Amino acid sequence: MSRPAPSPIYTLRGSGGPLNTLHFSCLGGDTPLLFSGSGSGAIHIWNLNSRRAEKIVEGHSGSSVIWVNSLQSKDALISQGRDMQVCLWDLREGRSEPVDSVWTSSVGFCQCSLLDSSPGNYLLAFAGEQTEEIKIIELPSKTPVCTLVPDTKLGMVMCIKLWQHIDTDIDPHQLKLSNVVVFPSGRLRLLFHTEPDSGPGPLLLAGYEDGSLLLWDVTQRSKLSQAKAHPEPVMCLTFDTKRLRGISGSSEKKLTPWMLDGQNNLQLQDCVTLVNPGVSDLCIRDDGKLLASAGWDHRVRVFGWKKLRPLAVLQYHPDMVLSVAFSNHQDPRQRLLAAGSKDQRISLWSIYNEGADNG
Amino acid sequence: MPPTMAQISDPKIAFAYLRPACVLLTREPSVANVETVSGQLKDINDATLQQLQEYVLFPLRFVLKVPGPKKDKLVQAVAEAMSHILENTCVQSWETLHNLFSELCLCLCSPTDPGKPADTSEELKLAVLRCLDALLHAAYGDIVFKLFEPIMLPGLGAAISLLLALGEKEKSREVQAAALKCLQALILQCDCTQVHIVPSLEERRAIGSTMASFLPGLTTAIARIITGDLRQGHAVTVKAMKVLSSAVGLVMEDVQLQASEPCKTLSPNLGKITQLVVQRKQDWLKSTAGKLSVLMKKIISCTSAHRHWRVRLEMVELADHLLARCSRSLGECVGLLLEALVGAVNDEEPRVRERCEVALREVSQRNQSSSGDIPGERSSIQTFTDVLSENLHSLATSLPRLMRTSDDQKKLFVLNVFLGYLKVLGPLISVVLNSAAHLERISKALMQVLELDVMDVCIVEERSHSSTIETTSTSSDCCSAHTQRKHFLYFTDEKILSVLMEICRTLGYYGNIYLLTDHFLDLYRQSLAYRKQAAIVLNEIVRGAAGIGVVTESHGLEGEGHGHSTNKDDLKAAVMSVMEEYTSLNNWHLITVSEETNKDRQDQQLLSPPRLLSISNSDISNINVNSLQVIPSTLGSNSPSSSTSTIHQLNSNIWQLCIQLEGIACFSQALGRDFCPLLMTSLYSVLEKAGEETLLVSQAALGSMWVISKACGYPSLKELINENSDYLLNDISLNLQRLNQHPQAPRVLTVMLTHSDCSLLPLVGDIVQDVLMALDLSYDHTAALFCSVLHALMKALARWFPSSCNKTNESTRPQQTSTDQEVLDIRQFLLDYRKQKELAQGIGIEEDDTDNLDVPPPMECEDVEHNDGPNVKAELPSHLNITKDVMERCIHLLSDPSLRLRLKVLDVLELCVCVLSEKENELLPMAHRCWPALLQRLTADDPLAVLRAFRVLCTLGETCGDFLRRRVSKEVLPKLSSSLVRQAPISAKSGPVYTHTVAYKLQLAVLQGLGSLCQRLDLGEADLDAVCEACLPYLSCRQPTRLQEACLSVFRHLIQVDPDSFWFTLNELHCPSTYTPPHPDLLPIKLSGMGRPRDEYSDNVLKLLKEEFD
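Sequence lines, in order, name chains A and B. Residue 2 is where the first sequence starts when you use my numbering, and the numbers rise one by one after that. Residue 1463 is where the second sequence starts when you use my numbering, and the numbers rise one by one after that.
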C-alpha cells in the first residue's frame, strides 16, 4: 500500500550555516539532545523537547565544523573543525568551554572517527598532514598510537571508520588457558585468552580519493585488505559492526555495499543505483534495520539495511542534504531521523518506528 | 406638673403625689384623668414605681373593668399608661399577670365574638398590643411559665388566635407587625433588645408541649401571612417568618424530643381541656412533619425568590434555625430547607450570601461532628450527602424541562440552586460524579440547556478584511469589544449564562479532571448536536480546574481539608488531550464560507498530492470521516456535503470554531506559563483562524491570541509571534509543501506579517523563498492564494522600512512653497542669466570649481561604496532582495487572465516600487522589466485595471521620474490625453448617475494622478502642452465637481513646473483684469481672454490665478 510521503515532524532552523554533521544524544537525562555542526563554525545543542537551540558554542574560530560526537555521557563533546583542530568540550552544569584540543594538521574534509577502547579511554582516528596519512591517538592522554600510510598512491583520505569486533558472547571452546594465579588467600584464579584471529584488536576502514577502500589492523599497523569500491572519491561510508557489512557512497549514482569475510577480506556486493548522483552521508540505525543516505539531490533516501530495498524518499530540503543521523533514544518509538542540509535547516523525521518492538 | 426634673424616689412622697389623681380616676374614668395619672407616673422613678405597681395599676384596670361600652380614646390612654408602668417594672405575681393578660386580650377582641378582633381604631390596637408586649416582657421568670400549664390552654389559644387574626387580617402594617411581635413574646421567643428569660430545657419542653396544641393552626395562619399579599411589605413577612421559625423550632426541637417525654399526669379537674393537650409522640411528629413540609414548600418557593433581600435573609435564618434545632424531627422538611439554603448561596445580595455560607458551614460541620462523635450515627453524614446528591440528581433531571418552560427569573433561581448544591458538596462532587447516573444526568442537562441558537444569518456574511485585522491589533480591548454574544435557545439573560459557566467551573474545580474531560470529550465526539455545548463546558471545566473564576469558600462538606484536587501535571495532560481534539483535522478545518467562495479552494484540489513511497505518518490516522461532520471539501475530494451545507451548518461551524478558539484561550489562562510549550502545536492553529475570512472566527482567534500572549507573559501579539516564530515558520514551511492538505499556510504567514515587525524578517527570509518557489511550481493554481501573501508581505515591508516614497512626497512640499514665495528680482535674474551664458561659453569655470568645494561629501560616500571592490556588488539588505524577487513574480502575474488577480498584483507592484525606491540602482532595472506588462495594463485592459495601473505609474513616477519621462511621453501620455479629450464632452453632459460609472472613476483617477506625474517626470513642454490641452475641458463648471477639483490639482502641479506658460494659457482662456505696462515705453499686453464674458471656465480659471499667482 502506498501512503503519501511523510513530512518532517519538525524542522530546526536558525543554525546560520550549512549543516555538515549531526549527532544525537538521547540516552540518560530527561532532555534528548541533538548536536549539529555548521559551516559557520557554530555547534548548536538542540533541545528536542522544546525544539529550540539550548546552547550554541563556537570554538573553531569561525571555521566550518565538520564533525561532532559525544563522549559516553552527553556532558563531554568532541568536535572537529576546518581550522585543523579537534576540540573537547565540557558541557557539565551549564558550562561550555573547550577543555582540550588536538592539532590534526589535516586540510581535508575527512571526518574523525572515535572508538571506545576501554572505560574512560578513547581512540581517535583522523587524517594526518600527509595526503594518505591516518593518525590514531589515544584520548584523553593524547598519546599517538600509530600512523597508517598505504604503500600505493591512493590520494587523500576521504572518510574513516574505526571499529572493533564486539563479541557479546564468548565461545567457551575458543578459550585457552593462559595462566593460573594462586592468591595468598588460597584462592585460584584462572586466566583465559581467546584465539588471536578473533581477537578484538581495533580495525580501521578508510575510503580514499581514488575510490579505494582499505581495511587496516590498528594494532598490527598493517593493511588487511583493499577494494576498489568506486571510480570516484569515496564520499562517505558506514559500517555495521554486528553484520560486518558496510556501505559507501561517492559522487556517482551508486551506493556500494561490501562485506568482511572471516579472513577480514573486503568483498564488494551488488551496487544500489540511485536516481541522482552524489551522496554526502550515510547512516545505519542502531537496530540494523534502516539505512539513510543524504543526497546531493536534496533528498534523503531510506533503505532496508538487510536487502537494501528502497523504502522511502524524504523530500523537504531545497538544497543538498549534507548529513543524516538516527537518534539513539531508548524508546524505539521516539527514535528520529535527522537530516542536515546546506539550506541551514535540520529536518526531523519520525519514520518506521511505531512497530519497532515487533520488527 | 412640677417643674423639677428629678424623679421622685421616696415611695411615700410618690404615694402622696399619685394618690389624688388615682382616686379621681377611680371615681371618674375620663381621658383627662388617665392622662393626669400617666403624666404623674413619669415623675416617679422605676424602683418606687415597682413598689407602687399594684396600687397604680388598680385604677387603670378598674377603668377597663367597668362594664359597658367604653370610648376608644379612654382605653387607649389606659393602655398607654399601663405600658409605661409595665415597661419600667416587673410583674411578680401570677394573679396580676393572668388578670392583666386576659383583660388586655378582652380589649382586643370584639365584645360579641371573642375569637375575632374588635372593630376598634388602629391606634387603640397598637397601644393594647404594646401593652401586652410590655406585660409579657415584664413577667417574672417563675410565674411566666404558669401561662403554659394545661389549665391555661383555652386562654392561651384564644390569645394566639386573636394575635394571628390581627397579624393576618389587619390592614395596618404596624398593627400586623406588633401582633406578630406579641406572638413571638408570648411563646418566649422574642428577639428584641430587652432582657429575656432564658428557659431551661425543662421549661422549654413545657412550653413546647403546650404550643404543640396550637402548632397546626399557628403554622397555617403564618404561612398564609407569608404567602399572602406581596404588597404587604417585607417587615410583616419577615416577622411572620420569625414567628414561624421560633414556633416550629420550639415545638419540634430535637433535644426536647430526644429525652423521653415525661408522662404528664393531667389533673382530673381539667375536664374538656384534656382533649386539647397534645402528646408529642412519634406518629404525631411524623404527621406534623408531613404537614409542615407542605407548608414549607409553599413558604420557600414564595420567599426564596422574593424581591426584598431581607425576606431572603430571613428565609436563610429560618432554614438555618430549623436545621440546627430540629433536623431530626422535621424529617421530610430537611431536604426542602437544605435546598432553600443552597439556593441562596448565590444570592445577589452579599449579606444573604454571607449568612447563607455561615449557615451551610454550620450544617456541614454539625453533620461531620455528629457522625464523628456517635458511632451509631455514622449514617448521618451519609444521609446528608445522600440528600444533597439526590436533590442534585432530581434537579438535573428536571433542569432541561424547567429551562424550556419557566421564565428567566425562575431559571436563574433553579440554576443557582444547582450551583449551590455543587458548592455545598464541594470535594464530594468527585464522589458523586463517580456515579455514572449522576454524571450522565448532569452532563445531559448541561448539553440541553446550553444549546446554541445558530440561525443568525449575518454571522456567515460578515467578512473580515485585512484592515480590520490591523486596527484590532492595536489593543486587546478593541478585540474584546467585538466578540459576539452567543445566542442560546433556552435563555437570553446574561446572568443565566454566567451561572451556568460557574456551574461548569465548580464541577472542574472539585471534580476529577480526567473523568470530566473524558466524559465531555466523548460527548463532543459522539454527536454533532452536543459538540458546541460540550466544548463550552470543557472550556469552563478546565478554567475551573485551574481555580479561575471559582469562589472558594471553605464551606461545603470538606471541613478543613481543602478540596482542590487537580495538580498542574494532570491539568496539562487534560488540556493537551482536549486541545488535540479541538485542533484535529475534523474539528478544526470546518467550512465557514459558502460555496461560491469555496470555489477557489476547490481549485487547489486539482493540485494532486505528490505521492511518494509509503511512509507512515501519524497524522493520517486522524482522518476518519465522521459522517455527521461537515468535512472541508479539500479533504474529501468530492464530498457532497459542501453543496448541501446550509447557512445553518455554516453558522454552527462558525460558532464551534469560536468556542474552540475561546477554549484555547481558556487553556492558556489555566496553565499560565506552562502553556508555552503547547504553543508549539496550538499557536499555528490559532493563527490559521486569525486569517480566516469570516469575521467572527478571525476576531475570536485574535481575542484568544491576546489572552494567550497575556497568559504566557508576552506584552503583545508582536512578541507572541516573534518569540515563537520558529514554531510557526516550521509549520508554515512544512505545509507550504502540502498545500492541497493545508491551504491555510499562506494565511498564517499573512497574519504573522501583519502583526509582527522587522525583527521577523531574517527568520521569514527562507519561508518567503519557499513561498516563491511554491508559486513558481504552479502559477495556475496557487497564484491567487499566494498573491495575498505577497501583498501582506510587501505591505509589511513597506511598513517596516518606510522608504523614500513617503519622503519624496514630503520633500516636494517645501519646493513648491519656495517657488511660491520667490520674488522675481529682475536684476538678479539678468545677472544669473549672464553668468549662465558665460559659463556656457567657457568663461569662469575654474572659479566655479572652487565654489563647488562643499560638494565633495557625496563623492566620498560613493568612494565608500566602491571600497568593496569594483566588481563585487555590495550585498543588498534582505528586504530589498525579497522585494526584487516578489517584483519578478509580479511581472509574470501582471498578465494573468483573472482580473481580480491582476488588480491584486498591481497593488503588490506598487508596494514593491515603494520599498525599492530607496535603492534606485535596483529599482530602475526592475522598472524597465515590468514596463511592457504595465503598459499593457495602462493601455489595453479593463478600466479597473487601468485605474490601478495608473496609480502604480504615479508611484513609479515619484521615485524614478527621469527614467520614465521618455516612455511616458511616448507611450502613455498620448493615450491618456486622447481618452481624456474623448471623455470630456460626455462627462460634461452627464447626470448624477455618471459618477458611479467606471469611466468617471477612470477620468478622476487620471486627473488626480496626472499632475504629480507631470511634475515628477519633469516632462518637456510639448508633453505639458498636450496634458494641458487634454485637461482644459475639465475646468468647465459643467463637469462633475470632483473632476473639476482633480483638474485644478493638475494645473496646480503644472504651474509648479512652468508658471509662466500656464499663466499665459489660463489668461488666454479668461482674463479678469487688464494689465497696464509698468513703463510707458513697453507695449500694452493684449491677451485673448481679456474682456471675455463670464463663461463656464471663468470660475476655475479665476480660482487658479488667484491661488497661484497673487
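Ideal Cβ placement from N, Cα and C applies to all residues, glycine included. Please read these numbers as outputs of a predicted model, since none were measured by experiment.
- Beta-bridge pairing by DSSP links A/Pro-311 to A/Phe-304.
- In the displayed model, A/Phe-240 falls within a strand according to three-state DSSP.
- DSSP places B/Pro-2339 in no beta strand (DSSP E); its state is neither H nor E.
- For B/Leu-2191, the neighbours in chain A by C-beta distance under 9 Å run, in chain order, Thr-12 and Arg-14.
- The Cβ-Cβ distance between B/His-2390 and B/Phe-2263 does not fall below 7 Å.
- A straight line joining the alpha-carbon of B/Ile-2344 with that of B/Val-2377 spans about 10 Å.
- Within the same chain, Cβ atoms closer than 7 Å to the Cβ of B/Cys-2120 are found at Leu-2158, Val-2159 and Ala-2162, the five residues on either side in sequence being excluded.
- Going by C-alpha positions, B/Leu-2368 is about 12 Å away from B/Ser-2360.
- As computed with DSSP, A/Gln-81 is found in a beta bridge with A/Trp-68 and A/Val-87.
- When the beta-carbon positions are compared, B/Val-1698 and B/Gln-1651 stay at least 7 Å from each other.
- With respect to the C-alpha of B/Gln-1469, the residue from B/Ala-1476, B/Ala-1483, B/Ile-2126 and B/Asp-1505 having the closest C-alpha is B/Asp-1505.
- B/Cys-1795 sits buried, since 16 or more C-beta atoms from the chains shown fall within 10 Å of its C-beta.
- For B/Gly-2153, the number of other beta carbons within 10 angstroms of its own is at least 16, and it is reported as buried.
- Excluding residues up to 5 positions away in sequence, Pro-2495 and Tyr-2496 lie with their Cβ nearer than 7 Å to the Cβ of B/Ala-2446 in the same chain.
- About 11 Å separates the beta carbon of A/Val-301 from that of A/Leu-291, a gap too long to meet the 8 Å contact definition.
- For A/His-24, the beta-bridge partners assigned by DSSP are A/Phe-36.
- At a C-beta separation below 7 Å, B/Ser-2195 has these neighbours in chain A: Thr-12.
- Under the DSSP assignment, A/Glu-59 falls outside any alpha helix (DSSP H), being part of the beta strand (DSSP E) whose first and last residues are 53-59.
- The three-state secondary structure of B/Asn-2562, taken from DSSP, is helix.
- Within 8 Å of the CB of A/Tyr-317, the CB atoms of chain B belong to Leu-2196 and Gln-2199, in sequence order along the chain.
- The three-state secondary structure of B/Phe-1950, taken from DSSP, is strand.
- A/Ser-8 has a beta carbon lying within less than 7 Å of a beta carbon in chain B.
- The C-beta separation of B/Ala-1806 from B/Arg-1774 comes to about 6 Å, placing the pair in contact by the 8 Å criterion.
- Annotation: the continuous alpha helix (DSSP H) that includes B/Cys-2509 extends over 2503-2519.
- The shortest CA-to-CA distance from B/Gln-2506 to any of B/His-2515, B/Cys-2493, B/Ile-2517 and B/Pro-1612 is the one to B/Cys-2493.
- Cβ-Cβ distances below 7 Å link B/Ser-1905 to His-1981, Phe-1982 and Leu-1985 in the same chain, with the five nearest sequence neighbours on each side left out; the list follows chain order.
- A/Thr-148 counts as exposed, since fewer than 16 other beta carbons sit within 10 angstroms of its beta carbon.
- Along the segment 40-55 of chain A, the positions whose C-beta sits under 8 Å from a C-beta of chain B are Asn-50, Ser-51, Arg-52 and Arg-53, read in chain order.
- Taking C-beta separations shorter than 7 Å and ignoring five residues to either side along the sequence, the partners of B/Ile-2353 in its chain run Arg-2391, Cys-2392 and Ala-2395, following chain order.
- Annotation: the continuous alpha helix (DSSP H) that includes B/Ile-1904 extends over 1898-1911.
- Within the segment 2131-2165 of chain B, the residues whose Cβ lies closer than 8 Å to any Cβ of chain A are, in chain order, Pro-2139 and Met-2142.
- Around the beta carbon of B/Arg-1947, fewer than 16 other beta carbons lie within 10 angstroms, which makes this residue exposed.
- Taking the Cβ atoms as the reference, B/Phe-2248 lies roughly 6 Å from B/Pro-2208, within the contact range of under 8 Å.
- By the Cβ criterion, the segment 2471-2486 of chain B is in contact with the segment 2412-2424 of chain B, since at least three pairs of Cβ atoms, one from each stretch, lie closer than 8 Å.
- In this structure, DSSP gives B/Phe-2263 a state outside helix and strand, which the three-state scheme calls coil.
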